[in-house]
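Residue numbers (mature numbering (1 follows the signal peptide of the UniProt record, and there is no 0)): -19 to -1, 1 to 130. The beta carbon of each residue, even a glycine, is placed where N, CA and C say it ideally should be. One structure is given here, and the rest of the page talks about it.
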Amino acid sequence: MTRKLLIPLFFITSFFAEAQNIVWKTNFNDAITVSNDEKKPMLIYFTIDGAPKNIETEIFKTPDFAVWSRDNVVLVKLDLSDQSVSEAVRDQNIKIKNAFGVEELPQVCFAMASVRKGKTTFNALGKVAYKPGGAKSWINDCNLLLRPE
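This is how it looks when you write it as structure tokens:
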């Protein structure tokens, strides 16, 4: 009897632990390379210290988001208040934020990008704001943006 309970518990625990193993790229140039290699758009999460954390706690830390993001996007987190990055990286991140027309933080943008002759060209796919309703609803909005039919 105990064994029958432990096996499903093991799988459930593994599944929820996977949601915590999401890897966010913080170097934009590396993210562009991975995005192009995997032929997946980037999900760029612009944030700053003190910004509301609803999207992180209700969306990004769920098993649904972990599975969806692994299969569909390259995750990029640009924390504009991160003191551990160089001034040049911080300036680059602010320029990227401005290029996407981001005014309020946090904000999620989707894009493809390419680098040719040292110049980065973006193909902005759109923005998806946080809204209450859970991860499945938010993911559905993202899918509509990424795969318009």
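Annotated as proximal: ALA12 and VAL57, with beta-carbon spacing under 7 Å. ILE40 counts as buried, since no fewer than 16 other beta carbons sit within 10 angstroms of its beta carbon. For SER118, the CB contacts under 8 Å within the same chain, skipping 5 residues up- and downstream, are LYS112 in chain order. The residues PRO22, MET23, ILE25, PHE81, PHE103, ASN104, ALA105, LEU106, in chain order, have a CB closer than 8 Å to that of ALA92 in the same chain once the five nearest residues on each side in sequence are set aside. With a 10 Å radius around the Cβ and a threshold of 16 neighbouring Cβ atoms, ASN74 comes out buried. Within the same chain, and ignoring the five residues on either side of ASN17 in sequence, the residues whose Cβ sits closer than 7 Å to its Cβ are SER95.
Judged by DSSP in its simplified three-state form, ALA94 adopts strand.
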